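Asks:
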Amino acid sequence: MTRTTGSAGTPGRAGAATTPEGGDTALGVGALLRGWRERRQLSQLQLALQAESSARHISFVETGRSRPSQEMILRLAEHLDVPVRERNALLLAAGYAPKYGETPLDDPAMESLRSGVERLLLAHDPYPAIVVDGTYRVLATNRSIAVLLAGVAPHLLEQPLNAMRITLHPEGLAPRIVNLRQWRRHLLEQMERQIALVRSEPLRALYEEVSAYPLPADPVMEDVSEDATELFPFALPMRVAHEGRVLSFLSTIATFNTPLDVTVSELAMETFLPADPETVAFLHATTAATG
Numbered sequence: 001m002t003r004t005t006g007s008a009g010t011p012g013r014a015g016a017a018t019t020p021e022g023g024d025t026a027l028g029v030g031a032l033l034r035g036w037r038e039r040r041q042l043s044q045l046q047l048a049l050q051a052e053s054s055a056r057h058i059s060f061v062e063t064g065r066s067r068p069s070q071e072m073i074l075r076l077a078e079h080l081d082v083p084v085r086e087r088n089a090l091l092l093a094a095g096y097a098p099k100y101g102e103t104p105l106d107d108p109a110m111e112s113l114r115s116g117v118e119r120l121l122l123a124h125d126p127y128p129a130i131v132v133d134g135t136y137r138v139l140a141t142n143r144s145i146a147v148l149l150a151g152v153a154p155h156l157l158e159q160p161l162n163a164m165r166i167t168l169h170p171e172g173l174a175p176r177i178v179n180l181r182q183w184r185r186h187l188l189e190q191m192e193r194q195i196a197l198v199r200s201e202p203l204r205a206l207y208e209e210v211s212a213y214p215l216p217a218d219p220v221m222e223d224v225s226e227d228a229t230e231l232f233p234f235a236l237p238m239r240v241a242h243e244g245r246v247l248s249f250l251s252t253i254a255t256f257n258t259p260l261d262v263t264v265s266e267l268a269m270e271t272f273l274p275a276d277p278e279t280v281a282f283l284h285a286t287t288a289a290t291g
């Protein structure tokens, strides 16, 4: 595994905790819970039935007439699918201690997790794979990611690396992406869905930055395949020009189920699977040549 940061710090799948309205925990737990309920498009009665409570009690909690117990907050958060970081924010707003820790990835306590992630990255060779946090900061990669980083401007490869900047910057991977308009739209829509879920200010700032990048003035190859779905009807690939050929990749993202730590909840491994036999052959030949 190639570790891309000297210290993973406290990575965040969503960055700093915020409310559904984009504010902070000073709003109070009732207002925060109401915001999450409305975002999930549930009525007080629907939420009460799911959480084995009553609409009256939910109303009292949301208006501040009743202080919910820690157990009730966590139960409501579970049914509202509130991210782990924001569950801590709900508890703090109600005067309780956070339940979920936020352990740096390089902490000794995370050794087993790091080892497991490293094995997954190595096993994915010769196909590219990366691990990112909630603001797309690159925490680790396998060696095959070098195929995608070829030609990227040196300033984009300085720490901390950011996958969205590297991909969409006009001096990054963007000039080599044959179906750039399609892939760019896909990535920006992905970020929009995340922002709608957690309303992370760091993620929103990143979105505003990368969405404002101009299209490359001098792409390596013309975008002759704007509708890549004609060639790949089952999933949108990222098609990258490399050494006179076009490599096609399907992207998959894996996260941890039922995380009990903020850091773990916000990690994501993105793997790039070859979408055609030509890409498979090239990647295997490259690995064999480099040993």
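According to the UniProt record's numbering, the sequence shown is numbered sequentially starting from 1. Don't be surprised by glycine CBs; every beta carbon is placed ideally from N, CA and C. From a predicted model like this one, the values you see are computed outputs, not experimental measurements.
Write down the C-beta distance between Pro154 and Pro214 rounded to the nearest angstrom, noting that I regard them as a contact closer than 8 Å.
Replies: Position 154 of the sequence shown, counted from the start, is the residue given in the question as residue 154. Position 214 of the sequence shown, counted from the start, is the residue given in the question as residue 214. Not a contact, Cβ separation roughly 20 Å.
Asks: If you follow the alpha helix (DSSP H) that Ser211 is part of, which residue opens it and which one closes it?
Replies: In the sequence shown, the residue the question calls residue 211 occupies position 211. Run containing Ser211: Glu201 to Ser211, per the alpha helix (DSSP H) assignment.
Asks: Measuring CB to CB, does Tyr127 end up less than 9 Å from Pro237?
Replies: One-based indexing of the sequence shown puts residue 127 at position 127. One-based indexing of the sequence shown puts residue 237 at position 237. For Tyr127 and Pro237, no; Cβs fall outside 9 Å.
Asks: By the 10 Å Cβ neighbour count, where 16 or more other Cβ atoms means buried, how is Pro108 classified, buried or exposed?
Replies: Along the sequence shown, read from residue 1 onward, the residue named residue 108 stands at position 108. Exposed.
Asks: Excluding five sequence neighbours on each side, which residues of the same chain lie with their C-beta closer than 7 Å to the C-beta of Gln70?
Replies: Reading the sequence shown from its first residue, position 70 is the one you call residue 70. Closer than 7 Å at Cβ, skipping near neighbours: Leu91 and Tyr96.
Asks: How should Thr141 be labelled, buried or exposed, when 16 other C-beta atoms within 10 angstroms of its C-beta is the threshold for buried?
Replies: Position 141 of the sequence shown, counted from the first residue, corresponds to residue 141. Buried.
Asks: By how many angstroms is the C-alpha of Thr286 removed from the C-alpha of Ala146?
Replies: Working through the sequence shown from its first residue, we reach residue 146 at position 146. Working through the sequence shown from its first residue, we reach residue 286 at position 286. Looking at the two C-alpha atoms, the distance is approximately 11 Å.
Asks: Work out the CA separation of Gly35 and Ser54 for me, nearest whole Å.
Replies: Indexing the sequence shown from 1 puts residue 54 at position 54. Indexing the sequence shown from 1 puts residue 35 at position 35. Cα to Cα, the separation comes out at about 18 Å.
Asks: For the candidate residues Gly28, Thr263 and His186, whose alpha-carbon lies nearest to that of Ser211?
Replies: For the purposes of this step, residue 211 is identified with residue 211 of the sequence shown, where counting begins at 1. The residue with the shortest Cα to Cα distance from Ser211 is His186.
Asks: Does DSSP put Phe256 in a helix, a strand or coil?
Replies: Along the sequence shown, read from residue 1 onward, the residue named residue 256 stands at position 256. If DSSP states are grouped into helix, strand and coil, Phe256 belongs with coil.
Asks: Hey, would you say Arg184 sits closer than 9 Å to Ile177, going by beta carbons?
Replies: In the sequence shown, the residue the question calls residue 184 occupies position 184. In the sequence shown, the residue the question calls residue 177 occupies position 177. Yes, these two residues count as a Cβ contact at 9 Å.
Asks: For a quick check, are the C-beta atoms of Ile58 and Leu47 less than 9 Å apart?
Replies: Within the sequence shown, the letter at position 58 stands for residue 58. Within the sequence shown, the letter at position 47 stands for residue 47. Contact: yes.
Asks: Alpha carbon to alpha carbon, what distance is there between Leu33 and Leu260?
Replies: Here residue 260 corresponds to residue number 260 of the sequence shown, with the count starting at 1. Here residue 33 corresponds to residue number 33 of the sequence shown, with the count starting at 1. If I take the Cα positions, the gap works out to 20 Å.
Asks: According to DSSP, is Val198 part of a helix, a strand, or is it coil?
Replies: In the sequence shown, counting from the first residue as 1, residue 198 sits at position 198. Three-state DSSP puts Val198 in a helix.
Asks: Can you give me the start and stop residues for the beta strand (DSSP E) that residue 300 sits inside?
Replies: Nothing about residue 300 can be read from this structure; the chain reaches only from 1 to 291.
Asks: Less than 9 Å between the beta carbons of Leu105 and Arg119, yes or no?
Replies: By one-based count along the sequence shown, residue 105 stands at place 105. By one-based count along the sequence shown, residue 119 stands at place 119. Cβ distance not < 9 Å, so Leu105 and Arg119 don't count as in contact.
Asks: DSSP on Ala163, reduced to helix/strand/coil?
Replies: Along the sequence shown, one-based indexing puts residue 163 at 163. For Ala163, the secondary structure class from DSSP, reduced to helix, strand or coil, is helix.
Asks: What does the alpha-carbon distance come out to for the pair Leu197 and Glu86?
Replies: As a first step, residue 197 is located in the sequence shown; it is residue number 197 there, counting from the start. As a first step, residue 86 is located in the sequence shown; it is residue number 86 there, counting from the start. Straight-line Cα distance between these residues: approximately 11 Å.
Asks: May I ask you to report which of helix, strand or coil DSSP gives Phe60?
Replies: Mapped onto the sequence shown, residue 60 falls at position 60. DSSP places Phe60 in helix when its eight states are reduced to three.
Asks: Go to Leu92, then tell me how far its alpha helix (DSSP H) extends in each direction, as first and last residue.
Replies: On the sequence shown, residue 92 is found 92 positions in, with the first residue counted as 1. Here the alpha helix (DSSP H) through Leu92 covers Val84 to Ala93.
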